[in-house]
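Q:
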Amino acid sequence: MTRHASPYLIPGFYETALSQGKHRDIVGGRWEETALAQMDVLHKAGLQPHHRLLDIGCGCLRLGYMAVPYLNPGHYWGTDASAGLMRRGWEVELTDADRSRLPLSQLIEDADFAFPDVPDDITHAIAWGVFTHLPAAPLRPALARLRQFPRLEMLLVTVFLVPEGHQGPLRQPDGVVTHPDRTPWHRPAAAVEADARAAGWQIDWPEARLPRGQRLARMQPL
């Protein structure tokens, strides 16, 4: 039986979940708690209504349903591997008023972190619970491609960390067990820092208690 690096890569995963009405479940549950945590770290990173936010791996708009009414109309953009999941969030999780603030054209299917059709005036970006569910390889090229946005001043990425030299699974502070070879994935901080620097970012680790024991990496252009 084929073992996939992430459940999101299993053929038919999104279609099955959406047909069963589980759009919230497949983005991790803990809906409001996680959205509030995301908004908190964005506020602390300086996000204001006039800024333009890119929500990488936005899913069914768990962050979007709070960020869209906070930001000026048209200032939220989302990317995800599943157009269907984003559309379900747009249809179900946003009010009529908020749907008028977020055109569907600003929710872009993107499984390769290529960021097609995202405008170059993005100022803030966040990837929450995205690279925790992928092996290490996609992180560095994704970070490098984000350097194409000349006005991007702050990038927030969540990861699971593991002490240098640790072998095997690790139980994180919030109880989640992470792994070196399957989802949810963990990495040493030094490896994440090396990827960031190689892609042209300086990185620090602000103290923040995040759901599931994730750690927040805060990055700014070098």
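For the sequence shown, the positions run 34 to 255 when the working numbering is used.
All C-beta atoms, glycine included, are put in the ideal place defined by N, C-alpha and C.
Nothing here was measured: the structure is a model prediction, and the numbers come from that model.
1. Tell me which same chain residues have a C-beta within less than 7 Å of the C-beta of T156, skipping the five on either side of it?
2. Going by C-alpha to C-alpha distance, which of L118, R204, A169, Y103 sits closest to L69?
3. Alpha carbon to alpha carbon, what distance is there between A175 and V74?
4. Alpha carbon to alpha carbon, how far is P254 from A169?
5. Going by alpha carbons, who is nearest to A144 out of L80, D154, M119?
6. Please report the Cβ distance between V195 and L189, rounded to the nearest whole angstrom; I am assuming they are in contact, meaning their Cβ atoms lie under 8 Å.
7. If we ignore side chains and look at the alpha-carbon of each, how far apart do Q200 and P213 end up?
8. Here's the rule I'm using: 16 or more other beta-carbon atoms within 10 Å means buried, otherwise exposed. How should V192 be labelled?
9. How big is the Cα-Cα spacing for G198 and S138?
10. Measuring only the C-alpha atoms, how far is G107 from A160?
11. What are the residues that DSSP puts in a beta bridge with Q253?
12. Measuring straight from C-alpha to C-alpha, what distance separates L249 and A130?
13. Please state if the CB of A232 and the CB of A177 are separated by a distance shorter than 8 Å.
14. Select from V101, W123, Q235 the residue whose C-alpha is nearest the C-alpha of R93.
15. Buried or exposed: R242, going by 16 or more other Cβ atoms within 10 Å of its Cβ?
16. For I141, which beta-bridge partners are listed by DSSP?
17. Does the distance from the CB of E80 to the CB of A158 come in under 8 Å?
18. For the beta strand (DSSP E) holding L282, just list the boundary residues, first then last.
19. Below 8 Å between beta carbons: does that hold for D207 and R251?
20. Tell me the start and end of each unbroken beta strand (DSSP E) in the region 168 to 230 that is at least 3 residues and wholly inside, in chain order.
21. I need the DSSP call for L75, collapsed to helix, strand or coil.
22. Could you please give the first and the last residue of the uninterrupted beta strand (DSSP E) stretch that includes D88?
23. What's the call for T128, buried or exposed, on a 16-neighbour Cβ count within 10 Å?
A: From the atom records:
1. Here the set comprises H84, R85, R184, L185, E186.
2. Y103 is the residue among L118, R204, A169, Y103 whose C-alpha sits nearest the C-alpha of L69.
3. Here the alpha carbon of V74 sits roughly 21 Å from the alpha carbon of A175.
4. Distance between the alpha carbons of P254 and A169 is about 21 Å.
5. If we check each option's Cα against that of A144, M119 comes out closest.
6. Not quite, the Cβ-Cβ distance comes to about 20 Å (not below 8 Å), so this is no contact.
7. Counting only the Cα atoms, P213 lies some 8 Å from Q200.
8. V192 comes out buried.
9. Going by C-alpha positions, G198 is about 45 Å away from S138.
10. Just so you know, the alpha carbons of G107 and A160 end up roughly 19 Å apart.
11. In DSSP, Q253 forms a bridge with Q235.
12. Taking the straight line from one Cα to the other gives about 32 Å.
13. Judged by beta-carbon spacing, A232 lies within the 8 Å limit of A177, meaning their Cβ atoms are closer than that value.
14. Reading off the sequence, residue 93 comes out as Cys, not Arg. For C93, the closest alpha carbon among the candidates V101, W123, Q235 is that of W123.
15. Classification of R242: exposed, given that the 10 Å Cβ count is below 16.
16. DSSP output for I141 lists T112 as bridge partner(s).
17. The sequence given here places Leu at residue 80; Glu does not occur at that position. Here L80 is not near A158, since their CB atoms are 8 Å or more apart.
18. Any answer about residue 282 is impossible in this case: the structure gives the chain only from 34 up to 255.
19. No, the Cβ-Cβ distance between D207 and R251 is not below 8 Å.
20. The qualifying runs are 187 to 192.
21. Of the three classes helix, strand and coil, the one that applies to L75 here is helix, per DSSP.
22. D88 -> beta strand (DSSP E) spans 86 to 89.
23. Exposed: under 16 other Cβ atoms inside 10 Å.
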